[in-house]
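The structure under discussion appears below in the form of structure tokens.
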Amino acid sequence: MGNVLAQPVRVPVDPLADLPGVVLKDTLGGGRFLKTLLCLHDSGGLVVVKVYFKRPDTAAGGLEPYKQQLAAIRSALSAPSCQHAWPWQVWLESQYVGYLVRQHLAQNLYDRLSTRPFMSKLEKRWVAFQLLLAAAEIHGRGVVHGDIKSENILLTSWEWVFLADFAAGLKPVALPADNPAEYSFFFDTGGRRRAYIAPERFFTSDSKPPNSLTPEMDIFSLGCVIAEVFCDGKALFDLSALLSYRRGDAASDPAIGSALAGVDPDVRRLVLHMIQLDPGRSKIGKVSRIHKGS
């Protein structure tokens, strides 16, 4: 499902034809791997539906391994329920299509950062604090998100934060550093050209690709999101800058450049700790202590 670039075996005219009880209201984003739809449920509420058109590698064998992974994540985050995690609630499979369904919330963080009235400094700190709690919660349950970015962070109307759209098991862990098309296909939402994937997830012919996701990978991504919050929506990295940073180029290092120049010193210190190239140094416990100490 999430490891090869291949054409769907067949694209239905109506992507919701095999999903009962929902009516299409709008299309959200422009993802290529999963199509995101806003739908009206029979109960009267709004739901978000992610549609996956099966590729040849999954059409024959089905999506059972992925459904088991989704069930394991939901179970881990639901007993007892995490206060800042919103796992997928329903998943269904038809002959040609797979569906992921969750309740729709007021907005995501990406949209909130560009919506008036803009967030105050206090609101930004409140959101950052909740994001750190969310990471600690899911990692404490043995769950890694795998694709933390502002589109996958949901906010209620009173700005309570949820991590949503968990990608673990659905998208590849490792990405070739010399093939931007693969990153774009799986992770570049709507062509926004931001790149928050941890550098250690990229590999070359001279390096060994990672086998599994780690909490430290999430921490790097979360550091990029926190930087985006305090930079009023400006991305910390695009893909070329991220790969340059991975190679150790000083020109792309936020600690040297001006990307964080306008950020409060304590927040800047937090972000730089979270995005270190050495993943072993960016532990969630250390991150929490830095944040509390600020």
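One point on numbering: in UniProt numbering, the residue at position 210 of the sequence shown is 210, and numbering is uninterrupted. Every residue, glycine too, gets a C-beta built ideally from N, C-alpha and C.
**Item:** Bounding residues of the alpha helix (DSSP H) (the contiguous stretch that carries TRP126)
**Value:** Translated into positions along the sequence shown, residue 126 becomes position 126. Element bounds for TRP126: 121 to 140.
**Prompt:** With a Cβ-Cβ cutoff of 8 Å, do LEU46 and LEU40 count as a contact?
**Reply:** Here residue 46 refers to the residue found at position 46 when the sequence shown is read from its first residue. Here residue 40 refers to the residue found at position 40 when the sequence shown is read from its first residue. Taking 8 Å as the Cβ cut-off, LEU46 and LEU40 qualify as a contacting pair.
**Reduced DSSP secondary structure (H/G/I, E/B, other) of VAL271** = Looking up residue 271 in the sequence shown gives position 271. Of the three classes helix, strand and coil, the one that applies to VAL271 here is helix, per DSSP.
**Request:** Could you spell out where the beta strand (DSSP E) holding ASP218 opens and where it closes?
**Result:** One-based indexing of the sequence shown puts residue 218 at position 218. Per DSSP, ASP218 belongs to no beta strand (DSSP E); it is in the alpha helix (DSSP H), 215 to 230.
**Cβ neighbour criterion (16 or more within 10 Å) applied to ILE219** = One-based indexing of the sequence shown puts residue 219 at position 219. Label assigned to ILE219: buried.
**Runs of beta strand (DSSP E) lying entirely within the segment 26 to 101, each at least 3 residues, in chain order** = 35 to 41, 46 to 53, 90 to 93
**Request:** Measure how close the beta-carbons of HIS84 and LEU163 come, nearest whole angstrom, since I'm counting them as under 8 Å.
**Result:** Along the sequence shown, read from residue 1 onward, the residue named residue 84 stands at position 84. Along the sequence shown, read from residue 1 onward, the residue named residue 163 stands at position 163. Confirmed, about 6 Å.
**Residue range of the beta strand (DSSP E) that includes PHE162** = Looking up residue 162 in the sequence shown gives position 162. Unbroken beta strand (DSSP E) run through PHE162: 161 to 164.
**Prompt:** Relative to the alpha-carbon of VAL49, which residue among THR189, ASP42, LEU63, VAL22 has its alpha-carbon at the smallest distance?
**Reply:** Translated into positions along the sequence shown, residue 49 becomes position 49. Answer by Cα proximity: VAL22.
**Asked** According to the Cβ coordinates, are GLY146 and LEU213 closer than 8 Å?
**Response** As a working mapping, residue 146 is identified with position 146 in the sequence shown. As a working mapping, residue 213 is identified with position 213 in the sequence shown. Their beta carbons are under 8 Å apart, which means GLY146 touches LEU213 by this criterion.
**Request:** Say yes only if the C-beta of ASP111 is nearer than 7 Å to one or more non-hydrogen atoms of the ligand ATP, and no if none qualify.
**Result:** For the ligand ATP, the structure offers nothing, since it holds no ligand at all.
**Prompt:** Thinking C-alpha only, which one of TRP88, ASN152, GLY280, PHE230 is nearest ARG102?
**Reply:** Position 102 of the sequence shown, counted from the start, is the residue given in the question as residue 102. Comparing Cα positions, the closest option is TRP88.
**Request:** Could you check the C-alpha separation between residue 374 and PRO56 for me, to the nearest Å?
**Result:** With the chain covering only 1 through 294, there is no way to say anything about residue 374.
**Request:** Would you kindly check if the distance between the Cβ of ALA198 and the Cβ of PRO254 is under 8 Å?
**Result:** Here residue 254 is taken as the residue at index 254 of the sequence shown, counted from 1. Here residue 198 is taken as the residue at index 198 of the sequence shown, counted from 1. No, they are not a contact pair.
**Message:** Given a cut-off of 8 Å on the beta-carbon distance, is the pair TRP86 and LEU154 in contact?
**Reply:** As a working note, residue 86 is residue 86 in the sequence shown. As a working note, residue 154 is residue 154 in the sequence shown. Taking 8 Å as the Cβ cut-off, TRP86 and LEU154 qualify as a contacting pair.
**Asked** Using DSSP with H/G/I as helix, E/B as strand and the rest coil, what is ASN108?
**Response** The sequence position of residue 108 within the sequence shown is 108, counting from 1. It is a strand residue.
**Message:** Can you check which of these residues, ALA195, GLY191, SER120, ARG268, is closest to ALA227 by C-alpha distance?
**Reply:** For the purposes of this step, residue 227 is identified with residue 227 of the sequence shown, where counting begins at 1. Measuring from the Cα of ALA227, the nearest candidate turns out to be ARG268.
**Prompt:** Within this structure, are the beta carbons of LEU131 and VAL225 separated by less than 8 Å?
**Reply:** Within the sequence shown, the letter at position 131 stands for residue 131. Within the sequence shown, the letter at position 225 stands for residue 225. Cβ atoms of LEU131 and VAL225: closer than 8 Å.
**Item:** LEU154: first and last residue of the uninterrupted beta strand (DSSP E) it sits in
**Value:** Taking the sequence shown and counting its residues from 1, one reaches residue 154 at position 154. Unbroken beta strand (DSSP E) run through LEU154: 153 to 155.
**Message:** Using a Cβ-Cβ cutoff of less than 8 Å, which residues in the same chain neighbour SER252 once the five nearest sequence positions on both sides are dropped?
**Reply:** Position 252 of the sequence shown, counted from the start, is the residue given in the question as residue 252. Answer for SER252: PHE237, ALA241, LEU242, SER244, TYR245, listed in chain order.
**Request:** Give the secondary structure of PHE185 by DSSP, where H, G and I count as helix, E and B as strand, and everything else as coil.
**Result:** Position 185 of the sequence shown, counting from 1, holds the residue named residue 185. In this structure, PHE185 counts as helix in the three-state DSSP scheme.
**Request:** Go through its chain and collect everything with a Cβ distance to ILE138's Cβ below 7 Å, but skip five positions before and after it.
**Result:** As a working note, residue 138 is residue 138 in the sequence shown. Result list for ILE138: LEU77, CYS82, ALA85, HIS145, LEU163, in chain order.
**Prompt:** In terms of alpha-carbon separation, which member of ALA174, PHE230, LEU170 lies closest to ALA72?
**Reply:** Here residue 72 refers to the residue found at position 72 when the sequence shown is read from its first residue. Ranking the options by Cα distance to ALA72, first place goes to LEU170.
**Prompt:** So, using beta-carbon positions, are ALA128 and VAL263 closer together than 8 Å?
**Reply:** Walking along the sequence shown from the start, residue 128 turns up at place 128. Walking along the sequence shown from the start, residue 263 turns up at place 263. No, they are not a contact pair.
**Asked** Of all the options ILE275, VAL51, SER120, ARG74, which has the alpha carbon lying nearest to the alpha carbon of PRO215?
**Response** By one-based count along the sequence shown, residue 215 stands at place 215. Nearest option by C-alpha distance: ILE275.
**Prompt:** Per DSSP, PRO176 is paired with what?
**Reply:** Stepping through the sequence shown from its first residue, residue 176 is reached at position 176. DSSP lists PHE203 as partners of PRO176.
**Asked** Whose C-alpha, out of VAL143, VAL97, LEU175, ALA177, is nearest the C-alpha of SER54?
**Response** As a working note, residue 54 is residue 54 in the sequence shown. Sequence inspection shows Lys at residue 54; the Ser mentioned does not correspond to that position. The shortest Cα separation from LYS54 among VAL143, VAL97, LEU175, ALA177 belongs to VAL97.
**Prompt:** In this structure, what does DSSP give as the bridge partners for LEU242?
**Reply:** The residue given as residue 242 occupies position 242 in the sequence shown. According to DSSP, LEU242 bridges with nothing at all.
**Request:** Within its chain, find whatever has a CB closer than 6 Å to the CB of ARG32; leave out the 5 residues flanking it on each side and keep chain order.
**Result:** Working through the sequence shown from its first residue, we reach residue 32 at position 32. Closer than 6 Å at the Cβ level, and outside the excluded window around ARG32, lie PHE185.
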